[in-house]
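A.B. asks: Next up is a structure, given as structure tokens.
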Amino acid sequence: MTTTLKQIGAFSSPPRVGLFVTCLVDAMRPSVGFAALKLLRDAGCRVEVPEAQTCCGQPAFNSGDTADAAVLARHFIETFEGYDYVVAPSGSCVGMTRAHYAEALADDPAWAERARRLGERTYELMSFLVDVMHFAPADVKLDTSFTYHDSCSGLRELGVHDQPRALLDKVSGLTLKPLEGNDVCCGFGGTFCVKYPAISNAVVGEKADAIERSGAKLLLGGDLGCLMNMAGKLKRKGSSVRSFHAAEVLAGMAGGPAIGEEH
Amino acid sequence: MHEATMSFKARAEEALANPTLKIAIDRTTGTAERKRAVAMTQFPQFDAARERGKRIKDHVIANLDHYLLEFERNAIASGAKVHWARTAEEASQIVVALCKQAGAKRVTRVKSMLGEEIGLPHALDEAGIERVETDLAEHIVQLGGDRPSHIVWPSMHRTREQVSEMFKRLHRAPHQEETIEAMVDSARRELRDKFLTADVAISGANFLLADTGATCTVTNEGNAELTTTPPRVHIVTAGIEKLVPSMGHAIAMLRLLVRSATGADVTQYTTFHCGPKQPGDRDGPEEFHIVLVDNGRTRMLREGMKEMLRCIRCGACMNHCVVFRQLGGHVYGGTYPGPMGAVLTPVFDGLEKSRDLPHACTMNGKCQEVCPVAIPLPTLLRGWRDRSWREGLEPATVRFGLGIHTFVASRPRLYRLGTAIAIRVMRLFSRGGLVKGMPGLGAWTAYREFPAPAKRTFMEMYKDQEKGQ
Ligand code: SF4
Chain A
0 MTTTLKQIGA FSSPPRVGLF VTCLVDAMRP SVGFAALKLL RDAGCRVEVP
50 EAQTCCGQPA FNSGDTADAA VLARHFIETF EGYDYVVAPS GSCVGMTRAH
100 YAEALADDPA WAERARRLGE RTYELMSFLV DVMHFAPADV KLDTSFTYHD
150 SCSGLRELGV HDQPRALLDK VSGLTLKPLE GNDVCCGFGG TFCVKYPAIS
200 NAVVGEKADA IERSGAKLLL GGDLGCLMNM AGKLKRKGSS VRSFHAAEVL
250 AGMAGGPAIG EEH
Chain B
0 MHEATMSFKA RAEEALANPT LKIAIDRTTG TAERKRAVAM TQFPQFDAAR
50 ERGKRIKDHV IANLDHYLLE FERNAIASGA KVHWARTAEE ASQIVVALCK
100 QAGAKRVTRV KSMLGEEIGL PHALDEAGIE RVETDLAEHI VQLGGDRPSH
150 IVWPSMHRTR EQVSEMFKRL HRAPHQEETI EAMVDSARRE LRDKFLTADV
200 AISGANFLLA DTGATCTVTN EGNAELTTTP PRVHIVTAGI EKLVPSMGHA
250 IAMLRLLVRS ATGADVTQYT TFHCGPKQPG DRDGPEEFHI VLVDNGRTRM
300 LREGMKEMLR CIRCGACMNH CVVFRQLGGH VYGGTYPGPM GAVLTPVFDG
350 LEKSRDLPHA CTMNGKCQEV CPVAIPLPTL LRGWRDRSWR EGLEPATVRF
400 GLGIHTFVAS RPRLYRLGTA IAIRVMRLFS RGGLVKGMPG LGAWTAYREF
450 PAPAKRTFME MYKDQEKGQ
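These protein sequences, in sequence, are chains A and B.
Heads up: the first sequence at position 93 corresponds to 92 in numbering that gives the first Met the number 0, and the numbers run straight through without jumps.
Heads up: the second sequence at position 374 corresponds to 373 in numbering that gives the first Met the number 0, and the numbers run straight through without jumps.
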């Protein structure tokens, strides 16, 4: 793939980006992390994946365990503070750092301020590629159709909507089939899906029906948690729709098994 | 297991297993969602109006004592009698006592969620006073002997087919034709003479106007006028957060309320009441009472929930909530359902009894997006979760699990090792790309497949790659 210096835009030297792969990608689907790595490098970033990274603290925060969330928030801040930018292939983890770290650390003004300053430099992958790096993938080809689910945190906390579509539009051969209710929650909700599995199931059941009605061959999205939930339901229904993280497609890495396929 | 958890979950599963309920919910909330969306396209100033609405409410809430006293002064000057109630019980007792004083045998009621909140239907029934619900949907709720399931459409949980059957069974002269008009006529025949023969009318208020002491009520059926005009005594019950400085402010709020609730520009009827019948008036009540209810509102103000007092009860948050749209309103177990109900019910019923409500939410933020006064509902719900955690109401297993998680996740080496082991264990249970029958994953795999992890973690592979380079 070719990356010209023009794509690096206004940067005099390539920005140093700390990639937070997220705990879910680390454990469940490393290919999303490698796709993010490749895209960021193609976009002209110097990327590092700090080994000290773990989890953003969302499960604790959303369970009301603010003290534990604060511990992990501090750990995250210490790990990533030294970079020009922090990027993650997940709207919900970035939403956590940008929108909620200051809240979790509210009792400690100095840390809350560090959280705020880091939050300003922390981006969801798609929006970073488009809004900051002005990047567009070149020479990526995939002859198929896809539909896109907008995960809630990315959409509402970060305004991620147009960016993935703009990027995917550059993949030759790939056509978008609109998803009815693309901005309606898939019922994942982090720990919600295991605390209230029956309710979560009813919600994701409707989502899976809508995905099938779209007629698309692929389901793409920008958050692995939601994708696992939807892919898991599609599989259980016996659907032939295959699910990938959008980064995998954009990096030309969608040749392998989809989420929930043998690998 | 916590008792409230069981009952909420049991109620939820019952609702999920009821396909007729789902049809009823989808019809009402789906229509509301579509109509609101259309209304929004014709209301480009929505964001500015919402900002103004929010500011009006915040201003009043910040100066509640001032506006309450101004309202009281002006209401008394108009001839109204003003009563103050600290709790739900006090409020319903005041109303029942006023009804008894008036020698009331029959009272007519205009739909009011505050009336439900203070348990008024029950209190009137207990006192042996005949209660006639004049709102069509409340009439349906009363006939069915159940509770409202939505704050704007209280009988949302019943399909029109069910309502038709009920009218045929219970009305004196039921409809013959299966049309909405014929059914409405049937209700009208049933209710009309009761409107005219009631001793006391009880209504709520959408707004209390501080500068005149007037109350404002909106309906689409005109039952507010018909209910409150003939009887000798009219009692208004209202939460103290319903205050606005003046008519102009009420109109600004109305623009938001109606579009958000039904998608219409205005309600069919917007009624203002100001004092009892004056000399020279052709009609109106001889006595006009206003019962101002706190019931937890000043506590919300003190306890960091002041944004919730902006709520104008439009119902948009529930119409757009994925959980509400699966469950309907009764599962929530309180007066108010949906996202706003999940914030309010712990205030009224206590967190211990209702701790499921703030948890049964995916935090997707849609409710906040559609709320016409921009209430940060997810933040308030998380506030309850935080409190529940601090008060030790969360299950020991969750506390233990998160404690371990934090211990490990703040120690990167241990975390790397833990993750590497976890995925290998998962792979022992993996077949064909899916994890099958693994202990601890049942809540997930009962309903959907769990995708198997890769053979190695990202970090393991990344380190190898880096070394190789
Ligand atoms: S919380 Fe907002 S959306 Fe929900 S009923 Fe109140 S005003 Fe309407």
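Cβ coordinates follow ideal geometry from the N, Cα and C atoms, glycine included.
#1: Whose Cβ in chain D lies nearer than 7 Å to the Cβ of C366 of chain B?
#2: Under 8 Å: does the beta carbon of R49 of chain B sit that close to some heavy atom of ligand 1?
#3: Mind checking whether the beta-carbon of S148 of chain B lies closer than 8 Å to any heavy atom of ligand 1?
#4: In this structure, what does DSSP give as the bridge partners for E286 of chain B?
#5: Where does G153 of chain A sit, in a helix, a strand or coil, going by DSSP?
#6: Are G220 of chain A and A253 of chain A touching if we call contact CB-CB under 9 Å?
#7: What in chain B is Cβ-close to H262 of chain A, meaning under 9 Å?
#8: Count the other CB atoms within 10 Å of the CB of G340 of chain B; is the residue buried (16 or more) or exposed (fewer)?
#9: Thinking just about the alpha-carbon of each residue, which of B:L256, B:F457, B:V235 and B:I403 is nearest to the one in A79 of chain B?
#10: With burial defined as no fewer than 16 other Cβ atoms inside 10 Å of the residue's Cβ, what is the status of D64 of chain A: buried or exposed?
#11: Run through the region 114-151 of chain A for me and flag every whole beta strand (DSSP E) of 3 or more residues, listed as ranges in chain order.
#12: Among A:G43, A:E50, A:D107 and A:L23, whose alpha-carbon lies nearest the alpha-carbon of D463 of chain B?
#13: In or out: K466 of chain B buried (at least 16 other Cβ within 10 Å) or exposed?
#14: Grab the span of the alpha helix (DSSP H) containing K352 of chain B for me, first residue to last.
#15: If contact means a Cβ-Cβ distance below 9 Å, which residues of the region 182-198 of chain A contact chain B?
#16: Cβ of T270 of chain B within 9 Å of Cβ of T218 of chain B?
#17: Tell me whether A31 of chain B, by its Cβ, gets closer than 8 Å to a heavy atom of ligand 1.
#18: Identify every residue that forms a DSSP beta bridge with C215 of chain B.
#19: Please report the Cβ distance between L401 of chain B and A105 of chain A, rounded to the nearest whole angstrom; I am assuming they are in contact, meaning their Cβ atoms lie under 8 Å.
#20: Compute the Euclidean distance between the alpha carbons of E137 of chain B and T214 of chain B, then round it to the nearest angstrom.
#21: In chain order, what residues of the same chain lie with their CB nearer than 6 Å to the CB of R45 of chain A, ignoring the 5 residues before and after it?
#22: Would S152 of chain A pass as an interface residue toward chain B - the criterion being a Cβ-Cβ separation below 9 Å?
#23: Using a Cβ-Cβ cutoff of 9 Å, what residues of the region 24-42 of chain A are near chain B? List them in chain order.
#24: Between A11 of chain B and chain A, is the shortest Cβ-Cβ distance under 9 Å, so that the two count as touching?
#25: Is it true that the region 111-123 of chain A meets the region 329-343 of chain B, where meeting means three or more beta-carbon pairs spaced less than 8 Å apart?
#26: My output table needs one value for K80 of chain B: the three-state DSSP class, helix, strand or coil.
#27: Do C360 of chain B and F75 of chain A have their C-beta atoms closer together than 9 Å?
#28: Got a sec? Which residues, its chain only, sit under 7 Å from S126 of chain A by beta carbon, not counting five neighbours each side?
#29: Whose C-alpha, out of B:A48, B:G52, B:F45 and B:A74, is nearest the C-alpha of I289 of chain B?
#30: Cα separation between H404 of chain B and P43 of chain B?
#31: Within 10 angstroms of the Cβ of Q41 of chain B, are there 16 or more other Cβ atoms? Answer buried if so, exposed if not.
#32: Leaving out the 5 sequence neighbours to the left and right, which residues in its chain are closer than 6 Å to V20 of chain A when beta-carbon positions are compared?
#33: In this structure, does DSSP put H244 of chain A in helix, strand or coil?
#34: Under three-state DSSP, which class holds I24 of chain B?
#35: Can you tell which of B:G432, B:D348 and B:L256 has the C-alpha that lies nearest to the C-alpha of K53 of chain B?
#36: Please check if any C-beta of chain B sits within less than 9 Å of the C-beta of D208 of chain A.
C.D. replies: By the coordinates alone:
#1: Going by chain labels, chain D is absent from the structure shown, which instead holds the protein chains A and B.
#2: Stepping through the second sequence from its first residue, residue 49 of chain B is reached at position 50. No; taking the cut-off as 8 Å, the Cβ of R49 of chain B has no heavy atom of ligand 1 nearer than that.
#3: Sequence index remark: in the second sequence, residue 148 of chain B carries index 149 (1-based). No, the Cβ of S148 of chain B stays beyond 8 Å of every heavy atom of ligand 1.
#4: In the second sequence, residue 286 of chain B corresponds to position 287, counting from 1. Looking at the DSSP assignment, E286 of chain B forms a beta bridge with B:V232.
#5: Indexing the first sequence from 1 puts residue 153 of chain A at position 154. DSSP places G153 of chain A in helix when its eight states are reduced to three.
#6: Taking the first residue of the first sequence as position 1, residue 220 of chain A is located at position 221. Taking the first residue of the first sequence as position 1, residue 253 of chain A is located at position 254. Taking 9 Å as the Cβ cut-off, G220 of chain A and A253 of chain A do not qualify as a contacting pair.
#7: Position 263 of the first sequence, counted from the start, is the residue given in the question as residue 262 of chain A. Chain B residues near H262 of chain A: G432, A451, A453 and K454.
#8: Within the second sequence, the letter at position 341 stands for residue 340 of chain B. Buried.
#9: Against the second sequence, residue 79 of chain B aligns to sequence position 80. If we check each option's Cα against that of A79 of chain B, B:V235 comes out closest.
#10: Residue 64 of chain A sits at position 65 when you count from the first residue of the first sequence. So D64 of chain A counts as buried.
#11: 121-123 and 140-147
#12: Translated into positions along the second sequence, residue 463 of chain B becomes position 464. Looking at the Cα atoms, A:E50 is the closest of the given residues.
#13: Counting from 1 along the second sequence, the entry for residue 466 of chain B is found at position 467. The residue is exposed, with fewer than 16 neighbouring Cβ atoms inside 10 Å.
#14: Translated into positions along the second sequence, residue 352 of chain B becomes position 353. Here the alpha helix (DSSP H) through K352 of chain B covers L350 to S353.
#15: D182, V183, C184, C185, G186, F187, G188, G189, T190, F191, C192, V193, K194, Y195, P196, A197 and I198
#16: For this step, residue 270 of chain B is matched to residue 271 along the second sequence. For this step, residue 218 of chain B is matched to residue 219 along the second sequence. Yes, Cβ-Cβ distance for T270 of chain B and T218 of chain B is below 9 Å.
#17: The residue you call residue 31 of chain B lines up with position 32 of the second sequence. Outside the cutoff, so no.
#18: Mapped onto the second sequence, residue 215 of chain B falls at position 216. For C215 of chain B, which the question treats as bridged, DSSP gives the partners B:F206 and B:F271.
#19: In the second sequence, residue 401 of chain B corresponds to position 402, counting from 1. In the first sequence, residue 105 of chain A corresponds to position 106, counting from 1. Between A105 of chain A and L401 of chain B the Cβ distance is about 19 Å, and since that is not below 8 Å, they are no contact.
#20: As a working mapping, residue 137 of chain B is identified with position 138 in the second sequence. As a working mapping, residue 214 of chain B is identified with position 215 in the second sequence. Taking the straight line from one Cα to the other gives about 21 Å.
#21: The residue given as residue 45 of chain A occupies position 46 in the first sequence. Answer for R45 of chain A: P13 and R15, listed in chain order.
#22: As a first step, residue 152 of chain A must be located in the first sequence, where it is residue number 153. Yes, contact with chain B.
#23: V24, D25, A26, M27, R28, P29, S30, V31, G32, F33 and L36
#24: Walking along the second sequence from the start, residue 11 of chain B turns up at place 12. At least one chain A Cβ lies under 9 Å of A11 of chain B.
#25: no
#26: Mapped onto the second sequence, residue 80 of chain B falls at position 81. Residue state, collapsed to three classes: strand.
#27: Counted from its first residue, the second sequence places residue 360 of chain B at position 361. Counted from its first residue, the first sequence places residue 75 of chain A at position 76. Result no, Cβ atoms of C360 of chain B and F75 of chain A do not sit closer than 9 Å.
#28: The residue labelled residue 126 of chain A in the question sits at position 127 within the first sequence. Result list for S126 of chain A: L157, V159 and Q162, in chain order.
#29: Residue numbering aside, residue 289 of chain B sits at position 290 when the second sequence is read from its first letter. I289 of chain B has its Cα closest to that of B:A74, out of B:A48, B:G52, B:F45 and B:A74.
#30: Here residue 404 of chain B is taken as the residue at index 405 of the second sequence, counted from 1. Here residue 43 of chain B is taken as the residue at index 44 of the second sequence, counted from 1. Approximately 47 Å between the Cα atoms of the pair.
#31: Here residue 41 of chain B refers to the residue found at position 42 when the second sequence is read from its first residue. Under this definition Q41 of chain B is an exposed residue.
#32: Mapped onto the first sequence, residue 20 of chain A falls at position 21. Once the five neighbours on either side are set aside, the close Cβ partners of V20 of chain A are G32.
#33: Position 245 of the first sequence holds residue 244 of chain A. H244 of chain A: strand per DSSP, three-state reduction.
#34: Within the second sequence, residue 24 of chain B is the residue found at index 25, counting from 1. I24 of chain B: helix per DSSP, three-state reduction.
#35: In the second sequence, the residue the question calls residue 53 of chain B occupies position 54. Measuring from the Cα of K53 of chain B, the nearest candidate turns out to be B:L256.
#36: Sequence index remark: in the first sequence, residue 208 of chain A carries index 209 (1-based). No, because no Cβ of chain B sits closer than 9 Å to the Cβ of D208 of chain A.
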